[in-house]
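J.: Throughout the sequence shown, residue numbering follows our numbering, covering 103 to 205 in sequence.
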Amino acid sequence: MNDREAVKIATRAWERFDANLTKLFRQYDLWPPTMVPSFMGDVDRALQTKALITGTPEQVAEYFDRFESESNLGHVTICPAFGDVSGSEARTTLELFCEAMKI
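(1) Exposed or buried, Phe-119, counting other C-beta atoms within 10 Å across all chains shown (16 or more means buried)?
(2) What is the residue span of the alpha helix (DSSP H) that Ser-171 lies within?
(3) Would you mind reading off the limits of the alpha helix (DSSP H) that contains Val-109?
(4) Between the Cα of Gly-185 and the Cα atoms of Met-103, Thr-113 and Leu-126, which residue gives the shortest distance?
(5) Closest to Cys-181 by C-alpha separation, out of Met-137, Ala-153 and Arg-128, would be which residue?
(6) Return the first residue and the last residue of the alpha helix (DSSP H) that Leu-196 is part of.
(7) What's the gap between the Cα of Arg-128 and the Cα of Pro-134?
(8) Pick out whichever of Ile-155, Arg-147, Gly-143 and Ser-188 has its Cα sitting closest to the Cα of Thr-179.
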C-alpha cells in the first residue's frame, strides 16, 4: 500500500467516523457540540494533530517508534476498523502494521 492509497482510505473512513460520532448531536439538536474527537470531520486537522495516523507501513512504524521513545509509553491501542473501513482493509492494515513493527 502506498501513502496516497492509505490517505484516500483514511479520508473516506474518517468522514464516516465523524458522521457516526456526531449523529446523536444532530438528531437531538445539540449542534454544534463543544468538542468532538473527530474534529467535525476535518481530516487535515486530524492528520496534523496525529489523531489520525496514516501512511505506508514504514511511515507508520517510524511514527510509533518515535512516539514510544518520546512518550515513554510501552503500549498503544490501534483501531484499524473505523468509519467505513472494510473487514478486508482492516485486516490488511493490521497485518502490515504488525509486519512493519516486527510484532
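All C-beta atoms in this analysis are idealised placements derived from N, C-alpha and C, irrespective of residue type, glycine included.
T.: According to the structure shown:
(1) buried
(2) 159 to 173
(3) 105 to 129
(4) Thr-113
(5) Ala-153
(6) 189 to 203
(7) 8 Å
(8) Ile-155
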